[in-house]
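Residue numbers (the working numbering): 1 to 139.
Listed below in structure tokens is the structure:
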């Protein structure tokens, strides 16, 4: 069984999360410099069976794509070209950074640690993946 990998894409750094092989829970893999993301994905998918890549789709409150789509679209196009067999899903990521900050506060994380944006990005990727898993669960 393969995993599902989620990406919270950013211009400088990108949060990555992955499921277990049973696709029950999502775990943060970490945050990676965006300029190295493609190499990381190729390496990771060569070592681990990944069935799908879920990429956070940034939207504004009114449902329109946000300004950051102009950075994400070229990455998605490159990913499709370099990994043509890999299914890629865009999934709404509205409020994931806010939810990630709230989760860090609730979890008792120190303020100095909450200010480290790399932690927020990894948690946001985990939230995207968790939401994606929940949206695909058959009740």
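Cβ atoms here follow ideal geometry from the backbone N, Cα and C, with glycine treated the same way. Only a predicted model underlies this, so the values are computations on that prediction, with no experimental measurement involved.
Are residue i and residue j close, meaning C-beta to C-beta below 8 angstroms?
i           : j          : result
residue 52  : residue 4  : yes
residue 32  : residue 56 : no
residue 69  : residue 58 : yes
residue 88  : residue 79 : yes
residue 129 : residue 19 : yes
So who's on the other strand from residue i, going by DSSP bridges?
i          : result
residue 19 : 26
residue 57 : 92
residue 7  : 16 and 55
residue 31 : 15
residue 50 : 3
What did DSSP end up calling residue i once you bin it into helix, strand or coil?
i           : result
residue 69  : helix
residue 64  : coil
residue 138 : Note on residue 138: pLDDT 48, under 50, position unreliable in the model; the coordinate value appears next. Looking at residue 138 - three-state DSSP - the assignment turns out to be coil, as it is neither helix nor strand.
residue 74  : helix
residue 38  : helix
Write down the C-beta distance between residue i and residue j rounded to the nearest angstrom, noting that I regard them as a contact closer than 8 angstroms.
i          : j           : result
residue 76 : residue 132 : In fact, because the Cβ distance is near 16 angstroms, the residues do not count as touching under 8 angstroms.
residue 2  : residue 49  : 4 angstroms
Touching by the beta-carbon criterion (3+ pairs, under 8 angstroms), the segment 119-135 and the segment 8-20: They touch, by the three-pair rule.
The segment 9-26 contacting the segment 34-52, beta-carbon criterion three pairs below 8 angstroms: These segments touch.
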